[in-house]
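To start, the structure under review is shown below, and the notes come after it.
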Amino acid sequence: MTADVVVAGGGPNGLMLACELRLAGLRPVVLERLPERSRAIRAEALVGRVLELLDRRGLYGRLSPGQDGPVTTPFFNFGGVPLDLRELPVNPLYLLRIPQPVLEERLGERAAELGVDLRRDHEVLGFDQDADGVRVRVRTPDGEQEIVARYLVGCDGAHSTIRKSAGIPFPDYGDQDVISRGADVVLPAEVLGGEQGSDDILQRNSWLETPELGRVPFGYHRNDRGAYAIGSFQPGVQIVATWEWGRAHIDPAVPATVAEVAESLGRILGAEVPMSEPPGPGPHRLYRLAGDSRVAERYRSGRVFLVGDAAHVHAGINGPGLNLGLQDGVNLAWKLAAALHGWAPPGLLDTYQQERRPAAERVVMQTQAQAALMAPGANVTSLRELFGELIGNPDTLGAITAVMAGTDLHYPAPDTTQPHAMTGRWAPDVCFSSAHGTTRLADLMRGARPVLLDFTADGAVTELANGWKDRVDLVVGQDADLAVDALLVRPDGYVAWAADLRTPPAVVETGLAAALRSWFGPAA
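Counting from 39, one number per residue, gives the positions in the sequence shown under our numbering.
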């Protein structure tokens, strides 16, 4: 059996990567160890830039039917400290609540439409590689088999077989010694308090009434024993989450239970709160996570690459994991396609690690900072008070929000020339008129191809790129509300080159040609 790319792992990251590879004309094979899709909710929301990316692939409408595009959230938190984002000039924090099983289902549907070869109950046991390809050993329902591929990508999670087999170190960035637990539960009606006549679920369920403590409010709270959060987004079911410090030594082989979550909440509150499992098959949240923070020493070993949790793990505070992992796959896919189609410039595959590993380190930094703000103790309480004052400054609040959204990311330019200020940054979703009618950049990127937008009066810039039109879409537009006159956008949505009317024509020609060669190889 042969394939262009073997993707180990059929979760959201593996499915997204496979969809991107198919859009680029490749034949990926996805090998998933589980015989059927898991119903466990490991993540429950998409946060930040990834929602803009999904919109550019036409996937947002599948995830949130009835909405025209991603929606920002007016309120959020950083380490449990409330953030009011309504006064920000630009709010980059997009939010969509979607349980991971639903996300996997939608991405699986898209993968099937594109013809992705997804094989369940197939577990990667190991691999051997040489200069020409990778021989992947696979356990299947029919016995052990071997698949020969040009490349292998590990999307197989924090305990990645691919990473371990490649001998890639996975160093610890500092354990916060925190255990987070969470579950969907049913709390007895006699302990629930709120405005019972209200149609709003949040108002009907606003606090707990306990004999020992009296009224215990919903939302996020911390004390000297830990932190907890209680909420409800569906009638009759509550979400309980806890964070405890100094209890990192647990047996990961023992599955989490609702009783364990109840015991954890009881230790934090100092009083027992009865709860039970919700009815029905779910999917339901139930997890126990240690506060490990790790980033793979390298993301590549020859023809083998790492994506998502196989490359990085961190605290799941405020849901940055899918924002990070899904963008890993989109960054890598078009570069693998360039290599397999034969036009990748030297060093293109190395830019995957150069660009995405610093992004992972940023997420580790901000999640560790949030965990520190959530810890018990008088010193942390004072730190939280100071932090609350600092975010009263809109500039500080905007910077914190950008870090959580991942919009502070800026990729380095590939050459030594002075690039435009937009180079390496996310391309704004401009709306303009063209031969396609009135359109958005997002509409032009459904096929995961690079796009050169030319807003000059005579469309002269696209003429300079004719040698690359086999792999770059050339679009002439007008009336764009944008401070540049030409924009070269990579398939992953980041700007490869930009120029404005003040740039001399000779510099435009030289700079565009250099950018095209640097990212998309020599002219045809």
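Glycine residues also receive a C-beta, built at the ideal position from the N, C-alpha and C atoms.
Cross-strand partners of residue i (DSSP beta bridge)
i, result
"Gln516", "Ser471"
"His350", "Val333"
"Ser339", "Val342"
"Leu69", "Ala46, Arg157"
"Gly563", "The structure shown does not extend to residue 563, since the chain spans only 39 to 562, so no value can be given for it."
"Phe165", "Val174"
"Gly264", "Asn261"
"Ser244", "In the DSSP output, where bridge partners are listed per residue, Ser244 has none listed."
"Phe208", "For Phe208, which the question treats as bridged, DSSP gives no partner whatsoever."
"Ala309", "DSSP lists no partner for Ala309."
With 16 other Cβ atoms within 10 Å as the buried cut-off, status of residue i
i, result
"Glu247", "exposed"
"Ser331", "buried"
"Glu90", "buried"
"Asp168", "exposed"
"His350", "buried"
"Val186", "exposed"
"His322", "buried"
"Asp166", "exposed"
"Leu121", "buried"
"Thr434", "exposed"
"Ala562", "exposed"
"Val326", "Looking at the sequence provided, one finds Arg at residue 326 rather than Val. By the neighbour-count rule (16 or more Cβ atoms within 10 Å), Arg326 is buried."
"Leu428", "exposed"
"Leu447", "buried"
"Glu70", "buried"
"Thr439", "buried"
"Asn369", "buried"
Coil, strand or helix - residue i by DSSP
i, result
"Ser270", "strand"
"Gly107", "coil"
"His259", "strand"
"Ile217", "strand"
"Asn129", "coil"
"Ser76", "coil"
"Ser198", "coil"
"Ile277", "strand"
"Tyr189", "strand"
"Ser102", "coil"
"Ala81", "coil"
"Val296", "helix"
"Gly231", "strand"
"Leu303", "helix"
"Pro290", "coil"
"Leu327", "strand"
"Gly559", "coil"
"Arg87", "coil"
"Pro139", "helix"
"Cys315", "Strictly speaking, residue 315 in this sequence is Glu, with Cys absent from that position. Three-state DSSP puts Glu315 in coil, outside helix and strand."
"Asp180", "coil"
"Glu147", "helix"
"Leu59", "helix"
"Leu251", "coil"
"Leu64", "coil"
"Leu123", "coil"
Residue i beta carbon near the ligand NAP (any heavy atom closer than 6 angstroms)
i, result
"Gln167", "This structure simply doesn't include the ligand NAP, nor any ligand for that matter."
(message) Is it the case that the segment 147-165 contacts the segment 55-73, given that we only count it when at least three CB pairs across the two stretches are under 8 angstroms?
(response) Touching, yes, given that three or more Cβ pairs across the two stretches are closer than 8 angstroms.
(request) For the segment 99-113 and the segment 497-516, state whether three or more C-beta atom pairs, one from each stretch, are separated by less than 8 angstroms. (result) Counting C-beta pairs with one atom in each stretch, the segment 99-113 and the segment 497-516 have fewer than three that are closer than 8 angstroms, which means they do not touch.
(request) Kindly provide the ranges of any alpha helix (DSSP H) runs that are 4 or more residues long and lie completely inside the segment 368-397, ordered along the chain. (result) Counting whole runs of 4 or more residues, the segment 368-397 contains no alpha helix (DSSP H) stretch at all.
(message) At 4 residues or longer, what runs of the alpha helix (DSSP H) sit wholly inside the segment 396-462?
(response) List check, alpha helix (DSSP H) in window: 416-428, 432-443.
(request) Entirely within the segment 475-557 and at least 3 residues each: give me those beta strand (DSSP E) ranges in chain order. (result) Within the segment 475-557, the runs of beta strand (DSSP E) that reach at least 3 residues and sit entirely inside it are, in chain order, 475-478, 489-492, 511-516, 524-527, 533-537.
(request) Please determine if the segment 79-95 and the segment 372-387 are in contact, where contact requires at least 3 C-beta pairs separated by less than 8 angstroms. (result) Contact check between the segment 79-95 and the segment 372-387: fewer than three CB pairs, one atom from each, fall below 8 angstroms, which does not count as touching.
(message) Within 8 angstroms, do at least three Cβ pairs link the segment 514-527 to the segment 92-110?
(response) The way I'd put it, the segment 92-110 doesn't touch the segment 514-527; fewer than three beta-carbon pairs between them come closer than 8 angstroms.
(message) Does the contact criterion of 3 or more C-beta pairs under 8 angstroms hold for the segment 308-316 versus the segment 217-226?
(response) Between the segment 308-316 and the segment 217-226 there are three or more inter-stretch CB-CB distances shorter than 8 angstroms, so the stretches are counted as touching.
(request) Report yes or no: do the segment 385-404 and the segment 69-80 share at least 3 C-beta pairs separated by less than 8 angstroms? (result) Taking 8 angstroms as the limit for Cβ pairs, the verdict is that the segment 69-80 does not touch the segment 385-404.
(message) Does the structure place the segment 196-212 close enough to the segment 286-303 that three or more beta carbon pairs sit under 8 angstroms?
(response) No: fewer than three Cβ pairs fall under 8 angstroms.
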